[in-house]
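Student:
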Amino acid sequence: MPNTLSKTAIGSRIQEVNQLESEDLCLWLVADNGYRDARVLADGSVAALIDLLYTHAIATGCSWDGWGNRYCFEDIALADKRFAELRSEDDVPEGHIATRQGWNPIRRQAVNPQMRAR
């Protein structure tokens, strides 16, 4: 008799794999890409903190290919506080002075199917 897994067991295993992938992404962002901190949010997405030339930024919707949105703060303590408060990639942290939509080819293609991932 073949070993079959229930849909629940398969779904649970997929979540475990996705969690490990996200944790690897966090390590890579900090170790190899200059981010100060990165973490997996409650919705399973990844957010990260990076110090830019004049501001301190929170990047949400991070992937191996880029980030979805970046929110810039003048005050590093406020950036750290808002980073700790994030729960999903759709959260918009209060107190940012600028925002930018990032280059994430997967997200861009979902929003505009005419664009192809490079």
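For the sequence shown, my numbering assigns the number 1221 to the initial residue and increments by one for each residue that follows. Cβ coordinates follow ideal geometry from the N, Cα and C atoms, glycine included. Since the structure is predicted, the reported quantities are computational estimates derived from the model, not experimental observations.
State the Cα-Cα distance for the pair Glu-1294 and Asp-1271, rounded to the nearest angstrom.
Tutor: The residue you call residue 1294 lines up with position 74 of the sequence shown. The residue you call residue 1271 lines up with position 51 of the sequence shown. Their backbone Cα atoms lie some 10 angstroms apart in a straight line.
Student: Are the CB atoms of Gly-1281 and Glu-1309 within a distance shorter than 7 angstroms?
Tutor: Residue numbering aside, residue 1309 sits at position 89 when the sequence shown is read from its first letter. Residue numbering aside, residue 1281 sits at position 61 when the sequence shown is read from its first letter. Yes, the pair counts as a contact, with Cβ atoms nearer than the cut-off.
Student: Can you tell me whether Arg-1338 is helix, strand or coil according to DSSP?
Tutor: Along the sequence shown, one-based indexing puts residue 1338 at 118. At Arg-1338 the pLDDT is 40, less than 50, meaning the model places this residue with poor confidence; the figure from the coordinates comes in the next sentence. It is coil, neither helix nor strand.
Student: Between Tyr-1291 and Thr-1319, is the Cβ-Cβ spacing less than 7 angstroms?
Tutor: On the sequence shown, residue 1291 is found 71 positions in, with the first residue counted as 1. On the sequence shown, residue 1319 is found 99 positions in, with the first residue counted as 1. Contact flag set, yes.
Student: Out of Ala-1262, Gly-1254 and Ser-1283, which one is the CA nearest neighbour of Leu-1269?
Tutor: As a first step, residue 1269 is located in the sequence shown; it is residue number 49 there, counting from the start. Selected option, being the one with the closest Cα: Gly-1254.
Student: Thinking just about the alpha-carbon of each residue, which of Gly-1322, Phe-1303 and Val-1250 is nearest to the one in Asn-1289?
Tutor: Locating residue 1289 in the sequence shown gives position 69, where the first residue counts as 1. Ranking Gly-1322, Phe-1303 and Val-1250 by Cα distance to Asn-1289 puts Gly-1322 first.
Student: By DSSP's criteria, Leu-1269 is part of a beta bridge. Which residues make up the other side?
Tutor: Here residue 1269 is taken as the residue at index 49 of the sequence shown, counted from 1. Paired residue(s): Asp-1257 and Ile-1278.
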